[in-house]
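In our numbering, the protein residues as written are 128 to 293. Notes follow once the structure below has been shown.
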């Protein structure tokens with residue numbers, strides 16, 4: 128190579144609306160840390176994502192079960208459909224997409240809150256997901272405060288539906 132000759136790289140990162148501390152953790156409003164209640168099934172075919180999601184949700188006070196195989200997640204759910212209060216699933220997974228998994232879960236347990244996460248999908252959008260009964264739609268990357276608020280909102284809607292049914 129020659130001096131002054133080379134390649135220029137431009138890297139673009141998405142701007143986050145939330146403030147993050149120096150360790151990269153997004154701030155959570157006071158009183159929310161450890162305040163979660165319920166059992167959440169997290170399904171994503173990427174091990175680092177399920178590990179990070181489990182860590183965030185556990186720190187928020189939720190009991191968390193993770194699965195990196197959507198077909199296995201379905202078998203686990205079908206064995207004990209009342210074990211979980213919420214399901215968080217990735218959209219793009221081998222064997223069974225998040226939409227397919229959500230349909231099967233909702234056929235077995237209508238009204239269960241489901242959050243669909245995706246980085247980008249031509250297969251669905253938030254409107255289509257909600258038409259299928261999916262409670263919330265999250266775009267990746269997911270930061271802790273956004274995850275906390277979305278989970279809380281999905282579970283709150285579930286409690287409101289239960290109280291209005293009684």
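Built from N, CA and C at the ideal position, the CB exists for glycine as well.
Residue i and residue j closer than 8 Å at C-beta
i	j	result
residue 212	residue 244	no
residue 215	residue 229	no
residue 181	residue 193	yes
residue 239	residue 205	no
residue 179	residue 163	no
Where residue i sits in the DSSP three-state scheme
i	result
residue 267	coil
residue 147	Bear in mind that the predicted position of residue 147 carries a pLDDT of just 43, short of 50, making it too unreliable to give a figure here.
residue 212	coil
residue 137	coil
residue 206	helix
residue 130	coil
residue 176	helix
residue 220	coil
residue 276	helix
residue 225	helix
residue 232	helix
residue 185	helix
Closest by C-alpha distance to residue i, when choosing among the options
i	options	result
residue 170	238, 224, 272 and 189	224
residue 273	256, 231, 187 and 200	187
residue 177	196, 164 and 165	196
Residue i - partner residues in DSSP beta bridges
i	result
residue 194	170
residue 241	214
Same chain only: Cβ atoms within 7 Å of residue i, ignoring 5 sequence neighbours per side
i	result
residue 260	233
residue 277	242, 263 and 265
residue 200	168, 170, 194 and 228
residue 231	201
Own chain residues within Cβ distance below 6 Å of residue i, not counting five before or after
i	result
residue 141	none
Same chain only: Cβ atoms within 8 Å of residue i, ignoring 5 sequence neighbours per side
i	result
residue 284	240 and 262
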